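The next block holds one structure in the form of structure tokens; read it before the comments.
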Amino acid sequence: MCAILGILENNNIEKFKYALNLMNHRGFDHQRIVKTPFGIFGFNRLAIENRDKNIQPLYKNNILVMFNGEIYNYKDLIDNFQLNANTEIEVIYELWLKFGKDFVNKLDGMFAIAVYDKRLYLFRDEFGKKPLYFTKDGVFASEIKAILPFIEKKLNFKALSEYLAYNSSIAPNTIYEGIYKLPAGCYYDGEIKRWHDFNRIENGELRIENCIIEVEKFLTNAVEKRLMGEVEIGSLLSGGVDSSLIAAIMSKYGKIKTFSIGYERYENYDERKYAKVTAEHIGSEHYEINYTKKDFFDEFENVLFAMDEPVADSSFFAANFLAKHIPLKVVLSGEGSDELFLGYRRYNEFLGFFDAYLPNKKWLKKYLERHPEDIKEWEIFRRFFADEPVFRGINETFFQKQINKALKKNAYDVEYKRFLKGWGSFDFTYFDLKVWIGEVLLMKLDKMFMSNNIEARSPFLDRNLVNFVFSLPEEVRGKNKWIIKEIAKKYVPLEIVNRRKKGFAFPFLEWLKEENELRIIIDVNRKTKIFNEEYLKEIIKTGHKRYKQHLWTLYLFSRFLKREFL
């Protein structure tokens, strides 16, 4: 795991070193800069595999290669293709010589790869686990902050509309005009092109009884391959069934360390007692971290810096604090299970619209339009009555009418139809893999843990497991994560398996109100005049009753604006 930076046709080595050092947190073990006739390339390394080798950038025969991530099958690739290679970077170089840009299809891992061979090529893994940003004039980096010294900062209002809708800009946009985010499963050679996408080919022969066995096999293999490395590997443990199952499977390979976070005096949010139940059951060496209001505000600017661009998931802050207290280089996490196996309760609500029939939909549509409400439920029923797609992402916050009201002339229509495939409930999974997981959860794992020199790996988001899930008949996959719960019964206590789903949340709104922090939303807006102030006041006044996530989205963006543009 590391940071990569490259700039074509530029000889300002001092500015380059400054930009590379902005990403020192991604790798303390080694730094190397290579000057070539076609540009400057730099690398900060967190050594996990082949710690004494694997030196990057690799510059050979006028071809330059470097990457950030892990290639789990690199040893198999050496054997299968008889490659003259010993390390991951050498495997990538040798595969490039054999297959050109199609080499990426051979890789099993998480990665952001840069190849210069007469021109620049950039590649990103199919989930988007490793970030990769670029400009169209030849600058690329693992993080936006390393590109900012080379451009003039300007706000991207199209990305702002996406951020209000989905808590983040959506690739290829970033919040900065002129800086692009390579979408998951894509490569760039002057144009963005797709090398991978998930597909749904139903296997009608799959039955419930063999489905559980197969998912367990895929998940066990996914965990096992992610234990690759020459360093100790631990596990995050929230107290929910997903992280508990991952930790339990890990513990079959030896005693592990587990880590959880909680909030004293806020029992509603604190799950440490459940994490402790699993830790005792699997015999892990367990560590508990307490997160306070003081920690939240003390670390706020540091988290903004690590984020790169605003991502309105409050759990970034708790994740960053937890990572600060983990004395390891690698941890496993449970992201992806809810989206693959429909674990969120809101999925059930959306499923209810599939078979719903109302003979008076047109009349009800007109009634709703005559009696508008600024709430999500009103918008959901409006879509249903208007025969529009009802589901537009599990993390949709501001819907389009609210975006238009908030931004007025600065508003853009948010494109969502590209994430809908007509696959029934599997649309939920595809959409959320691309948006909620790809743009939010995986950026939390990368940015918050890499800011503390830790690599986070997510076994549920394994290509083989995900492809298998997309092949399941609707009635076999079912809902409420039943498959995962059946598997978990073999590994963790029933009180963990049967617990009601709880998100990774903390009392951020209580803390913001206690410190009168919400005033910053209005204060910043009076300087920038980006938002409709009257609507902001309405949201703040109504607050927790209706707009909790809206408030966080606006507050975080206001802090970002204050930091970067004021």
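Residue numbers 75 to 640, in this note's numbering, belong to the letters of the sequence shown in order. By construction, the Cβ of each residue, glycine as well, lies at the ideal position given by its N, Cα and C atoms. Quantities reported herein were computed from a predicted structural model and do not represent experimental measurements.
Option in the options with minimal Cα separation from residue i
i, options, result
"G278", "R492, E549 and M522", "E549"
"I28", "G426, P223, K203 and F505", "Only positions 75 to 640 of the chain appear in this structure, which leaves residue 28 out of reach."
"E409", "F371, D199 and R531", "R531"
"Y431", "K440, F458 and V405", "F458"
"G101", "I78, G308, F90 and F115", "I78"
"W556", "F201, E283 and I221", "E283"
"R637", "L481, F374 and V464", "F374"
"G328", "I218, K508, M524 and G357", "G357"
"S318", "I596, K575, I594 and E588", "K575"
"S525", "K367, V377 and F333", "V377"
"I286", "M97, I221 and G552", "G552"
"W497", "S545, L519, S235 and E306", "S545"
"A245", "I225, G264 and G202", "G202"
"F272", "K495, Q105 and A159", "K495"
"D520", "I449, A397 and K175", "A397"
"I307", "K403, L628, K149 and I275", "K403"
"V509", "K491, F523 and M522", "K491"
"E607", "T616, G617 and I596", "I596"
"A353", "D344, K368 and T332", "T332"
"G252", "E226, C260 and E276", "E226"
"D382", "I449, R633 and K134", "R633"
"K299", "I323, G313, I613 and L311", "I323"
"I558", "Y337, L610, L293 and W626", "L293"
"L82", "Q105, E591, F115 and I166", "F115"
"H99", "R537, S312 and A380", "A380"
"S407", "N422, D150, K267 and D536", "D536"
"V108", "G80, S309, N135 and N95", "G80"
"I137", "G174, H270 and R106", "G174"
"G417", "K439, N554, Q623 and H270", "N554"
"E276", "P547, L311, K435 and S309", "P547"
"H399", "Y148, F523 and I320", "F523"
Residue i versus residue j: straight-line alpha-carbon distance, rounded
i, j, result
"V289", "A579", "28 angstroms"
"N247", "D199", "17 angstroms"
"Y254", "A93", "17 angstroms"
"R419", "V540", "21 angstroms"
"I129", "I363", "35 angstroms"
"K563", "F502", "26 angstroms"
"E470", "L238", "8 angstroms"
"K350", "F112", "54 angstroms"
"L280", "F542", "10 angstroms"
"S325", "F90", "43 angstroms"
"T366", "A186", "35 angstroms"
"Y250", "N241", "15 angstroms"
"K483", "Q476", "13 angstroms"
"L262", "D412", "Note on residue identity: the sequence assigns Tyr, not Leu, to residue 262. The alpha-carbon atoms of Y262 and D412 are separated by roughly 31 angstroms."
"K192", "D372", "47 angstroms"
"Y629", "K587", "11 angstroms"
"K479", "N179", "44 angstroms"
"K615", "D448", "14 angstroms"
"D487", "P463", "15 angstroms"
"F493", "E88", "42 angstroms"
"M302", "Y146", "7 angstroms"
"M184", "E443", "46 angstroms"
"Y581", "Y343", "It should be noted that the sequence gives Pro, not Tyr, for residue 581. Whole-angstrom Cα-Cα distance: 7 angstroms."
"R268", "A159", "27 angstroms"
"Y348", "R456", "40 angstroms"
Any C-beta of chain D under 9 angstroms from that of residue i
i, result
"N147", "In the displayed structure, chain D is absent; only one protein chain is listed."
Presumed contact (8 angstroms Cβ cut-off) between residue i and residue j, rounded CB distance
i, j, result
"A233", "S243", "4 angstroms"
"L132", "E164", "7 angstroms"
"A296", "P533", "4 angstroms"
"L196", "L256", "6 angstroms"
"G467", "F505", "5 angstroms"
"S216", "M97", "6 angstroms"
"R274", "F500", "5 angstroms"
"F639", "L229", "7 angstroms"
* Asked: Quick check: the stretch 508-519 against the stretch 385-399, are there 3 or more CB pairs under 8 angstroms?
  -> Short answer: they touch.
* Are there three or more Cβ pairs, one per stretch, closer than 8 angstroms when the stretch 594-605 is compared with the stretch 556-572? -> No, because fewer than three Cβ pairs between the stretch 594-605 and the stretch 556-572 fall closer than 8 angstroms, the two stretches do not touch.
* Only counting runs of 4 or more residues, tell me where the alpha helix (DSSP H) segments fall wholly within the stretch 257-317, in order along the chain. => If we require 4 residues or more, the alpha helix (DSSP H) runs fully inside the stretch 257-317 come out as 282-299.
* To do: Could you tell me which uninterrupted alpha helix (DSSP H) segments, each at least 4 residues in length, are contained entirely in the stretch 522-605, listed from first to last along the chain?
  => Counting only runs of 4 or more, we get 537-544, 548-551, 556-562, 568-571, 582-588 and 593-602.
* To do: Enumerate, from N- to C-terminal direction, the unbroken alpha helix (DSSP H) stretches of 4 or more residues contained entirely within the stretch 437-519.
  => The stretch 437-519 contains these whole alpha helix (DSSP H) runs: 450-459, 474-481 and 500-506.
* 4-residue-minimum alpha helix (DSSP H) runs that sit fully inside the stretch 223-262, ordered along the chain -> 231-240, all fully within the stretch 223-262.
* To do: Any chance you could list the alpha helix (DSSP H) runs of at least 4 consecutive residues sitting entirely within the stretch 77-156, in chain order?
  => DSSP runs (the alpha helix (DSSP H)) wholly in the stretch 77-156: 87-95 and 148-154.
* Quick one: any contact between the stretch 166-178 and the stretch 217-227, if contact means 3 or more CB pairs under 8 angstroms? -> No: the two stretches stay apart, fewer than three of their Cβ pairs being nearer than 8 angstroms.
* To do: Would you check if the stretch 209-217 and the stretch 468-488 touch, i.e. whether three or more CB-CB distances between them fall below 8 angstroms?
  => They do not touch, by the three-pair rule.
* Touching or not, the stretch 176-195 and the stretch 140-147, by the rule of three or more beta carbon pairs under 8 angstroms? -> Yes, since at least three Cβ pairs between the stretch 176-195 and the stretch 140-147 fall closer than 8 angstroms, the two stretches touch.
* To do: Please specify which runs of the alpha helix (DSSP H), each continuous and at least 4 residues long, are wholly inside the stretch 371-424, giving them in chain order.
  => As far as the stretch 371-424 is concerned, its whole alpha helix (DSSP H) runs of at least 4 residues are 374-381, 389-398 and 411-415.
* Length at least 4, wholly inside the stretch 158-231: the alpha helix (DSSP H) runs in chain order -> The alpha helix (DSSP H) runs lying completely inside the stretch 158-231 and spanning 4 residues or more are 162-173, given in chain order.
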